[in-house]
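Working notes for the structure below.
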Amino acid sequence: MGDEFMPANNFLGRSWSCMRSSSCRLRIAVVLAVIASCCLLWIVVLLSPVTRAIDAEAKRIVITPGMTARQISKQLEQEGIIRSSTAFHLLSRYTSASGHMQAGVYDMAANESPKRLLERLYEGDTVDLAISVTIPEGYTLKQIAKVLAEHEIVGQQEFLEYVKTAPLPYAFLEAAAAKLEPECRIEGYLFPDTYHFMPDTSAADVVKTMTNRFKQVLESLAPIELLQGGQLADAPVPLSLDQLVILASIVEKEAVAEAERATIAGVFYNRLKINQRLQSCATVQYVLGEPKPRLSTAEMAIDSPYNTYVNDGLPIGAIASPGAASIQAVLKPEATPFYYFVAKEDGSGQHVFSKTFAEHEQAIRAVRNP
């Protein structure tokens with residue numbers, strides 16, 4: 089038998105079919121490649137900055153806690169910061185291993201790439217809107233309220249109204265505070281320091297921050313056991329916590345030179361031990377509401393539970409916010425033989441200390457008639 093041969097028409101048909109199939113696949117591949125290229129190009133466009141302008145104006149973007157990546161993407165698109173929320177959201181999913189978008193206030197511009205915007209959201213590259221405010225040692229509630237209002241942290245009247253019912257640092261202080269006028273009950277417990285508050289912070293948050301700072305500083309200076317019991321018995325004269333703050337506030341207002349704080353505290357303790365009136369000018373000035381270089385006889389006779397010229401012992405409440413140095417001076421006063429002091433009038437802030445009233449009178453004459 090001879091070799092079998094395929095008819096020419098069958099061979100040509102199959103060859104043409106094969107060629108046609110290859111050509112079809114090639115066409116499909118080319119079309120898919122073109123589509124993929126177009127999609128890729130479109131994605132590149134969507135993920136490019138909205139503008140190349142160097143001076144593009146930044147917009148304030150607020151990302152609130154709990155916002156999803158999709159919600160953030162839509163917000164950025166609505167603000168004109170990105171071209172496509174869908175593309176941005178897909179990019180965020182692709183790069184989600186980098187972390188989580190953080191809530192906060194951002195300044196974002198349309199000339200930033202979506203990739204960079206995502207990096208900033210993951211890093212929490214927020215705008216620091218906190219306002220730095222310093223409350224000096226020896227400030228009263230009214231002075232503190234004024235400073236806070238001037239820095240646009242909380243309104244002056246809102247603050248002064250809130251402190252009438254604000255919680256005290258410790259519950260055991262409530263009994264002592266009940267004796268005071270509502271507007272004075274928290275005097276002395278707002279610790280003087282530098283704080284950082286957001287604009288329009290509530291009075292409650294401001295007070296809580298400052299009283300927490302008071303507790304933190306106080307507990308670093310005094311045994312917590314004594315604080316919890318409300319009795320600081322290791323002082324020359326046993327003092328409850330509210331009495332410690334009262335005396336520290338007087339020391340704060342009387343002492344100018346740092347080296348004299350413990351000495352002044354010692355003088356007041358000496359007077360308390362023998363039931364001698366403290367006769368602190370600072371307590372009268374608190375009643376007057378303004379500092380005066382010298383008090384008149386009439387002013388020293390003002391009828392007030394704060395006036396230590398006419399009342400025995402400590403005044404009814406604190407007269408200012410004492411700093412850590414004054415609290416420490418009351419906790420660890422200098423053992424001194426002095427019972428009197430008078431301020432020098434040479435601008436040094438120092439005092440002349442005396443053991444007896446006769447020496448004190450002589451010191452007054454020397455100071456005022458150099």
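Under my numbering, the letters of the sequence shown match residues 89 to 458, in that order. Using N, Cα and C, we set each Cβ at its ideal position, and we do this for glycine too.
Identified DSSP bridge partners for alanine 148: The displayed chain sequence assigns arginine, not alanine, to residue 148. DSSP lists Asp195 as partners of arginine 148.
For leucine 268 and asparagine 395, the rounded distance between their alpha carbons: 14 Å
Three-way DSSP call (helix, strand, coil) for alanine 259 in this model: helix
Proximity below 8 Å, CB of leucine 261 to CB of alanine 323: no
Delimiting residues of the beta strand (DSSP E) encompassing alanine 345: Bounds of any beta strand (DSSP E) do not take in alanine 345, whose DSSP letter is neither H nor E.
Nonlocal neighbours in the same chain, by C-beta distance under 6 Å from glycine 405, ignoring five residues either side: Once the five neighbours on either side are set aside, the close Cβ partners of glycine 405 are Leu268, Cys272 and Glu275.
Stretch pair the segment 330-340 + the segment 355-367: three plus CB contacts closer than 8 Å: yes
C-beta contact flag for leucine 278 and serine 409 at 8 Å: Yes. Within cutoff.
The segment 220-231 / the segment 282-291 touching (three or more Cβ pairs under 8 Å): yes
Cβ neighbour criterion (16 or more within 10 Å) applied to glycine 226: buried
Among Gly154, Thr214 and Leu135, the one whose alpha carbon lies nearest that of arginine 148: Thr214
Inside the segment 413-448 only - beta strand (DSSP E) runs reaching at least 3 residues: 428-431 and 439-442
Touch test, the segment 292-304 against the segment 248-259, Cβ-Cβ under 8 Å, three pairs minimum: Counting C-beta pairs with one atom in each stretch, the segment 292-304 and the segment 248-259 have three or more that are closer than 8 Å, which means they touch.
Sufficient close CB pairs (3 or more, under 8 Å) joining the segment 437-447 to the segment 299-312: They do not touch, by the three-pair rule.
8 Å Cβ cutoff met for glutamate 340 and glycine 437: no
Per-residue DSSP class, three states only, for serine 220: strand
Among Ala263, Ala343, Glu387 and Gly168, the one whose alpha carbon lies nearest that of serine 328: The candidate whose alpha carbon is nearest that of serine 328 is Ala263.
Residue(s) in a DSSP beta bridge with histidine 284: Ser220
Rounded C-alpha distance that separates leucine 137 from threonine 289: Note on identity: in this sequence residue 137 is proline, with leucine being the wrong assignment. Each residue's Cα considered, the two are about 36 Å apart.
Rounded straight-line distance, which links the Cα of alanine 197 to that of lysine 203: 13 Å
Buried or exposed by the 16-neighbour rule on C-beta atoms within 10 Å, applied to methionine 89: Residue confidence is low: methionine 89 scores 47 on pLDDT, short of 50, so the model does not pin down where it sits. Its coordinate-derived value is still stated next. Burial call: exposed.
Rounded straight-line distance, which links the Cα of leucine 383 to that of tyrosine 425: This sequence places proline at residue 425; tyrosine is not what is there. Cα-Cα distance, rounded: 26 Å.
Residue of Ser180, Ala175, Ser201 and Tyr210 minimising C-alpha distance to methionine 189: Tyr210
Arginine 456 versus Gln364, Pro381 and His239, residue with shortest Cα-Cα distance: Nearest C-alpha to arginine 456: Pro381.
Chain-order list of residues whose beta-carbon lies under 6 Å from that of phenylalanine 93 (same chain, five-residue window excluded): At phenylalanine 93, the pLDDT of 49 sits below 50, so the modelled position is not reliable and the matter cannot be decided from this model.
Inter-residue spacing [alpha-carbon to alpha-carbon] between isoleucine 390 and threonine 371: So the alpha carbons of these two residues sit roughly 11 Å apart.
DSSP-derived helix/strand/coil call for leucine 327: strand
Leucine 205 versus Ile151, Leu217 and Pro287, residue with shortest Cα-Cα distance: Ile151
Extent of the continuous alpha helix (DSSP H) run through lysine 234: For lysine 234, the enclosing alpha helix (DSSP H) covers residues 229-238.
Host alpha helix (DSSP H) of valine 372 (start-end): 369-376
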